[in-house]
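Heads up: the structure comes next, in structure tokens.
Residue numbers (the working numbering): 25 to 181.
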């Protein structure tokens with residue numbers, strides 16, 4: 025298997041539907057009246073979940089790129105405040121920031137000068153770009169699927 029093929033598959037894992045719901049589909053035409061709705065038995069709103077996706081992806085990007093990376097406090101720093109609500113500009117800003125950070129991760133993956141398997145110099149032992157991309161791909165898939173399922177539960181498609 026070639027390096028180019030591996031890179032292509034990693035990009036696809038972040039950007040394409042493949043065997044799971046795409047980010048773009050999950051957020052498309054989402055009704056503004058429900059940005060702050062908390063589905064039954066769910067401690068967070070749709071916007072909280074979307075913002076959690078953004079924060080976590082941004083954190084992984086920062087971890088890969090920033091030699092002065094500072095760990096966020098888990099779990100508080102990975103979610104907006106429970107009482108925080110979003111309006112239309114905040115919802116759109118969250119989506120836009122997620123897409124910008126995802127594009128930055130794709131650029132890292134596509135850069136043939138980046139050794140995806142090398143230890144991240146400032147990272148924990150065994151942490152490579154490849155590992156971090158796999159972590160965020162799995163995390164995004166999980167929560168994007170959750171977003172879609174919760175939309176279905178409330179008949180918001």
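Backbone N, C-alpha and C define an ideal beta-carbon position, used for all residues, glycine too.
Near the ligand HEM: residue i beta-carbon under 7 Å from a heavy atom
i	result
residue 64	Among the components modelled here there is no ligand, and therefore nothing to report on the ligand HEM.
Sub-8 Å separation of residue i and residue j beta-carbons
i	j	result
residue 169	residue 44	yes
residue 174	residue 66	yes
residue 138	residue 132	yes
residue 140	residue 158	no
residue 178	residue 38	no
residue 156	residue 102	no
residue 163	residue 80	yes
residue 134	residue 35	yes
Close Cβ partners of residue i (< 8 Å) along its chain, the five nearest in sequence each way excluded
i	result
residue 143	149, 150, 151, 152
residue 109	59, 60, 69, 71
Contacting residues, own chain, Cβ-Cβ under 6 Å from residue i (five flanking each side not counted)
i	result
residue 78	118, 121, 122
Of the residues the options, the one placed nearest residue i, counting alpha carbons only
i	options	result
residue 40	88, 141, 165, 171	165
residue 167	27, 34, 70, 35	70
residue 146	84, 46, 108	84
residue 46	180, 181, 176, 172	172
residue 82	32, 136, 124	124
residue 26	136, 115, 161, 160	136
Spatial neighbours of residue i in its chain, beta-carbon cut-off 7 Å, leaving aside the 5 residues before and after
i	result
residue 104	72, 75
Next on the checklist: Check whether the region 47-63 and the region 86-105 touch, using three or more Cβ-Cβ pairs below 8 Å as the test.
Outcome noted: no
Checklist entry - How about the region 76-93 and the region 58-66: do they share at least three Cβ pairs that are nearer than 8 Å? => result no
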